[in-house]
Each structure stands twice: as C-alpha cells, then as structure tokens.
C-alpha cells in the first residue's frame, strides 16, 4: 500500500525532473542561437531551396531529410558537452531519488 504522502513526493519529484528537462531544452536553444548554429541552418535551407531553382521546390519533409545530418554535425562541441553534463546531473538526481524504481 502506497500512502498519499508517497504520491505527493513522487509527483513533486516528477515535476522537478520535468522542470529540469524544460530548463535544459531552453539552455540548448539559447546556446544554439548564441553560437550562430540557427543562422547556419537557415542558410543551409535557403541554399538547398535555391540549388533546385524552379525545377523543384522541396517539401518541408525533403528539406528536413536533406538538412538534418548537416545540422547535427554543425552543433558546436561545447554545446554538446554542456547538454551532456546537464543531462547527467538530471540522471544522477533521478538515481539518488530512486525515481526509476517506482511510480
């Protein structure tokens, strides 16, 4: 039998974890903008559209398929390291709290 206060603590932990993930998402978005990555991806999209000329205007799905590998490779290593570090902190907190063992 799980007591109501156990639910309260588990829900609170769940909300803390989600807040941490939201914070990491915002951090990554900010770092990508600061590093110029976002502008580089925009330019790559424009270039891909212009390369086809009037022959074929790529669909959004085609652009995503074409640009995604390049965009991923352009993410600065510092941003990747910072993201990894932040996610490791979240996982350590999850492990310490025993979150993955129940709920």
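In my numbering, the protein residues as written are 119 to 221. Where is the CB? At the ideal position from N, CA and C, for every residue including glycine. All values reported here derive from a predicted model rather than from experimental measurement.
Open item on the list: If I measure Cβ to Cβ from residue 135 and keep anything under 8 Å in the same chain, skipping five residues before and after, which residues do I get?
Closed with: Position 17 of the chain shown, counted from the first residue, corresponds to residue 135. 208, 211, 212 and 217, listed in sequence order.
Rounded distance between the beta-carbons of residue 150 and residue 197, thought under 8 Å = Here residue 197 corresponds to residue number 79 of the chain shown, with the count starting at 1. Here residue 150 corresponds to residue number 32 of the chain shown, with the count starting at 1. With 8 Å as the limit, residue 197 and residue 150 qualify as a contact, their Cβ atoms being about 6 Å apart.
**Prompt:** When DSSP labels each residue in this structure, what does residue 223 get in the three-state scheme?
**Reply:** The chain is shown from 119 up to 221; residue 223 falls before or after that span and cannot be answered.
*asked:* Quick check: what's the CA-CA separation for residue 160 versus residue 171?
replied: In the chain shown, the residue the question calls residue 160 occupies position 42. In the chain shown, the residue the question calls residue 171 occupies position 53. Roughly 17 Å separates the two Cα atoms.
Residue 221 burial status per 10 Å Cβ neighbour count (16 or more: buried) = Position 103 of the chain shown, counted from the start, is the residue given in the question as residue 221. Bear in mind that a pLDDT of 45 at residue 221, under 50, signals an unreliable position, so the number given afterwards is only what the model happens to contain. Exposed.
| message | If distances are taken between C-alpha atoms only, which option among 130, 137, 146 and 127 comes closest to residue 199? | response | What you label residue 199 is simply residue 81 of the chain shown in a count that begins at 1. If we check each option's Cα against that of residue 199, 146 comes out closest.
- Tell me whether residue 173 sits in a helix, a strand or coil according to DSSP, three-state version. In the chain shown, counting from the first residue as 1, residue 173 sits at position 55. Here residue 173 sits in coil by DSSP.
If I measure Cβ to Cβ from residue 166 and keep anything under 7 Å in the same chain, skipping five residues before and after, which residues do I get? Taking the chain shown and counting its residues from 1, one reaches residue 166 at position 48. The answer, listed in chain order, is 176, 181, 184 and 185.
Indicate the three-state DSSP secondary structure (helix, strand or coil) for residue 187 in the structure shown. In the chain shown, counting from the first residue as 1, residue 187 sits at position 69. In the structure shown, residue 187 sits in a helix (DSSP, three-state: H, G or I).
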